[in-house]
Amino acid sequence: MWKRLIYSLLTIIGVLLLSAFVLDRWISWKTAPFVYDELQDLPSRQVGVVLGTAKYYRTGVINQYYLFRIQGAMNAYNSGKVSYLLLSGDNAQQSYNEPMTMRRDLIAAGVPPADIVLDYAGFRTLDSIVRTRKVFDTNDFTIITQRFHCERALFIALHLGIQAQCYAVPSPKNIMTVRIREFGARLGALFDLYILKREPRFLGPIISIPAQHKIPDDAQDYPAVLPDQVPNSASTAAAPSADRAEQTTSTPNAATSAH
14 MWKRLIYSLL
24 TIIGVLLLSA
34 FVLDRWISWK
44 TAPFVYDELQ
54 DLPSRQVGVV
64 LGTAKYYRTG
74 VINQYYLFRI
84 QGAMNAYNSG
94 KVSYLLLSGD
104 NAQQSYNEPM
114 TMRRDLIAAG
124 VPPADIVLDY
134 AGFRTLDSIV
144 RTRKVFDTND
154 FTIITQRFHC
164 ERALFIALHL
174 GIQAQCYAVP
184 SPKNIMTVRI
194 REFGARLGAL
204 FDLYILKREP
214 RFLGPIISIP
224 AQHKIPDDAQ
234 DYPAVLPDQV
244 PNSASTAAAP
254 SADRAEQTTS
264 TPNAATSAH
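FYI, in my numbering the residues of the sequence shown are 14 to 272.
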């Protein structure tokens, strides 16, 4: 009896793993026509959406995923493939601000501040994609991130009728742990889209790009959308702080999400 029970349990686990693998490959196949590895092949769009991640790991080591995304954003902008960069990431805590960190580094690299727009409420990939459409009034844009993340972001966009494409920037060589995590993230995205039909945590008023919002040069934790413009956002929008510069920390897995 125990052998039969163990066999049945292993069979169920095997079927679930196989189903998960098939769904993972289906997402890659479905989004493949909209992913571009070479900048020269990338069609031009007005807006490039850079999906945020931590600049540093918890150990203080710089995050290569972050560097590749920033370099990819610079390349897309400097080549004229995008005219504006929408930096979408997590700003849920006063000590952690992905959009402002990206903004500072892009400005230091020569991107004009007027061509940079911040989305402080890109807590997850789904939030970033949907907010680009519903808050920033953009339905045809280029996502900038690693290929595995491109595929999940594009799948969300395509499911919601959003005409996006993705510029796939390089990934670090040691990607196995991140790829395993992405496997689960894709299943989570399917669950969000088909079962929960989840919406972003916050939406808010429309901010058409180019957006006219002024950010102080010395600002570190400045949201693109003021807290009083988004209902019930006081608990998630970070207050300005002058004591945090490039000390953003996170776990290694933070490198794979848009938060």
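Glycine is no exception: its CB is placed at the ideal position from the N, C-alpha and C atoms. Quantities reported herein were computed from a predicted structural model and do not represent experimental measurements.
Query	Result
Closest by CA to Ile193, which one among His172, Tyr180 and Phe161?	Phe161
Name the two residues that bound the continuous beta strand (DSSP E) containing Phe154.	Asp153 to Gln159
Could you check what DSSP says for Gly217 in three-state terms: helix, strand or coil?	coil
Going by DSSP in three states, Ile19 sits in which element: helix, strand or coil?	helix
Beta-carbon separation of Ala86 and Val63 under 8 Å?	yes
Which ranges would you report for the alpha helix (DSSP H) in the region 122-193 if only whole runs of at least 4 residues count?	138-147 and 160-172
Going by C-alpha distance, which of Glu164, Asn110 and Arg58 is nearest Ser92?	Arg58
Could you tell me whether the region 42-49 touches the region 136-146, using the rule of 3 or more Cβ pairs below 8 Å?	no
Please classify Ile25 as buried or exposed, where buried requires at least 16 neighbouring CB atoms within 10 angstroms.	exposed
Using DSSP's beta-bridge definition, name the partner residues of Val28.	DSSP lists no partner for Val28.
What separation, rounded to the nearest whole angstrom, lies between the Cα atoms of Gln77 and Leu18?	46 Å
Tell me the rounded alpha-carbon separation between Asn187 and Lys210.	33 Å
Between which residues of its own chain and Arg117 is the CB-CB distance below 6 Å, once the five residues before and five after are set aside?	none
Could you check which residue in Ile169, Ile208 and Pro223 has the C-alpha nearest to that of Lys43?	Ile169
Given that a residue counts as buried once 16 or more other Cβ atoms are within 10 Å of its Cβ, and exposed if not, what is Ser21?	exposed
With a CB to CB cut of under 7 Å and the five nearest residues on each side skipped, what residues in its chain are close to Val243?	Note that Val243 has pLDDT 42, beneath the 50 cutoff, so the model's placement of it is unreliable and the number below is only indicative. Result list for Val243: Phe215 and Gly217, in chain order.
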